[in-house]
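J.: The sequence shown begins at 2 in my numbering and counts up by one. Backbone N, C-alpha and C define an ideal beta-carbon position, used for all residues, glycine too. There's a structure below that I have some questions on.
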Amino acid sequence: MPKDVLLLIEKSAHRLSCYDIDGGELLHVVPLPEFPHEFTLNADCGIAYIGHYGVANSGSEDTGGHEVLALDVAAGRIVDRFSLGEGMNRPHGIGMDGMGRLYALSETAARLVIWDDPRKGGAPDRTAPTGGRKPHLFAVTRDGRRCYSMNLDSNDVTVFDPQDPSVTPVPVSTGEMPEGRLLREDEKLLFVTNRKSETVVALDTVTLEITASENVPGDPVRIFHDRRRSRLMTVDYRGRSLTLLDDRSLKTIGRVELEVPPISLSFDKSMTRAFISTDANELHCLDLDRLAVTRKIPTGKEPDVSAIVSLDDNAAILTRGAAVT
């Protein structure tokens, strides 16, 4: 019988951990190079691609890492690692399109690095300029022909074609220090959180015009879509809160106050719970109907992004034990 588990990057513990989402037990630990930050899953959730950012945060001036690591999720072990190439350091944002291409965003080179078939590993097939300064996260369309880069230092979102590096990126001003991004399922709207402006905006992906804006105090750092309840949820780091927004009007419809700063979150498959990574080195389990924290799960140091996957009971990651890597 399949078992749902949560995969979690723990940045300052330098590892990816696997947790039982029902009992909260730590099931397995995968050691990683120092300061991993983001990961993405392939279509069948069998492989997790982890960017080795290599520094504690975006304020660091250190060179950082330059690799992507491929984790066999069921086996619970790294099966491949490949370099972004010379000068392509600090891969932070990482994602895949609907064609199976893998993308990693080099913050120092301000370029998107692309593998057409990451199963083969090896050198990337090409890179494309983002046109912004200190790109941190991105969203890419399913066909891979349009990418939106969140650029912390140039305070803009740039739009470009990753498959044609000769096309000049188009900058769009959404607010100060854009970071969180969410491309709506129909790809007609891009939602962007601007941390210093403390706003969330909706960007029309055809006209590249802002169609709605809402003030969200408290440093909105990430944004997620609760489709079951037709609402957006921002993670407000300094505000120690989650803000709820109507997914059509972008108007604020509620707020969840937390005891500690939240960092990121993921939803379970039934969309009944959200698992919130927090600065307290805990996952807080939020009942999405009652908007109440029902459980706290201890984690390693600095939990960050997470994802919930279904695994067979006999998967090695479930049977080896947490101490085996």
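Tell me whether I22 sits in a helix, a strand or coil according to DSSP, three-state version.
T.: I22 falls in the coil class under three-state DSSP.
J.: Enumerate in chain order the residues of its own chain whose CB-to-CB distance from D118 is below 6 angstroms, with the five nearest sequence positions on each side excluded.
T.: For D118, where only same-chain residues beyond five positions count, there are no Cβ hits under 6 angstroms.
J.: Any idea what DSSP makes of T131, helix, strand or coil?
T.: Reduced to three states, the DSSP call for T131 is coil.
J.: Leaving aside the five residues before and after L259 along the sequence, list all residues of the same chain whose C-beta is less than 8 angstroms from its C-beta, in chain order.
T.: Cβ neighbours of L259 beyond the five flanking positions: R241, S242, L243, I277, T279, H285, V294.
J.: So what does DSSP say about L138, is it helix, strand or coil?
T.: In this structure, L138 counts as strand in the three-state DSSP scheme.
J.: Buried or exposed: which applies to V141, given that a residue is buried once 16 or more other Cβ atoms fall within 10 Å of its Cβ?
T.: Classification for V141: buried.
J.: Ends of the alpha helix (DSSP H) at F320?
T.: Looking at the sequence itself, residue 320 is Thr, so the reference to Phe does not match. 317 to 320 is the span of the alpha helix (DSSP H), which, as asked, contains T320.
J.: Quick one: Cα of I318 to Cα of S167, how far?
T.: Distance between the alpha carbons of I318 and S167 is about 43 angstroms.
J.: Suppose you measure from the CA of Y104 to the CA of W116; what does that come to, to the nearest Å?
T.: One C-alpha to the other measures close to 7 angstroms.
J.: For the candidate residues R296, A76, T41, H67, whose alpha-carbon lies nearest to that of A316?
T.: Comparing Cα positions, the closest option is A76.
J.: Identify whether R223 lies in helix, strand or coil by the three-state DSSP scheme.
T.: In this structure, R223 counts as strand in the three-state DSSP scheme.
J.: Please say whether V30 and I48 have beta carbons closer to each other than 8 angstroms?
T.: No, they are not a contact pair.
J.: Can you look up P1 in the DSSP assignment and give me helix, strand or coil?
T.: Missing from the structure shown is residue 1; the chain here goes from 2 to 326 and no further.
J.: For T273, does the count of other Cβ atoms within 10 angstroms reach 16, so buried, or fall short, so exposed?
T.: The residue is exposed, with fewer than 16 neighbouring Cβ atoms inside 10 Å.
J.: Which of helix, strand or coil does DSSP assign to R230?
T.: Note: R230 maps to helix in three-state DSSP.
J.: Are D269 and I10 closer than 8 angstroms when you measure CB to CB?
T.: Not a contact, by the Cβ cut-off of 8 angstroms.
J.: Considering only C-alpha positions, which residue in the set Y238, F225, R249 is nearest to A308?
T.: Of the listed residues, the one whose Cα sits closest to A308 is F225.
J.: Could you pull the start and end residues of the beta strand (DSSP E) that D205 belongs to?
T.: Start and end: 200 to 205.
J.: Using the C-alpha atoms, what's the distance from Y20 back to D5?
T.: The alpha-carbon atoms of D5 and Y20 are separated by roughly 9 angstroms.
J.: Apply the 10 Å Cβ neighbour rule to G219 and answer buried if 16 or more other Cβ atoms are within range, or exposed otherwise.
T.: Counting Cβ neighbours within 10 Å, G219 comes out buried, since at least 16 surround it.
J.: Check whether the Cβ atoms of L191 and Y238 sit closer than 8 angstroms, and answer yes or no.
T.: Not in contact: L191 and Y238 (Cβ atoms no closer than 8 angstroms).
J.: Report the option in E303, I211, E283, K302 whose CA atom is closest to the CA atom of R296.
T.: Minimum Cα distance to R296 is reached at E283.
J.: Who are the Cβ neighbours of Y50 in its own chain at under 7 angstroms, not counting the five residues just before and after it?
T.: Correct list, in chain order: F40, T41, V69, A71, I95, L103, P119.
J.: Looking at the structure shown, is V325 part of a helix, part of a strand, or coil, going by DSSP?
T.: Because the pLDDT of V325 is 40, which lies under 50, any placement of that residue in the model is unreliable, and the number read from its coordinates should be weighed accordingly. Three-state DSSP puts V325 in coil, outside helix and strand.
J.: Rounding to the nearest angstrom, what Cα-Cα distance links V302 and V207 in this structure?
T.: With the sequence shown as reference, residue 302 is identified as Lys, and Val is not the correct amino acid for it. The straight-line gap from Cα to Cα measures roughly 41 angstroms.
J.: For R82, which three-state DSSP category applies?
T.: The answer is strand: DSSP assigns R82 an E or B state.
J.: Is the beta carbon of P130 sitting closer than 8 angstroms to the one on G86?
T.: Result no, Cβ atoms of P130 and G86 do not sit closer than 8 angstroms.
J.: Would the beta-carbon of T175 fall within 8 angstroms of that of V160?
T.: Going by C-beta atoms, T175 is not nearer than 8 angstroms to V160.
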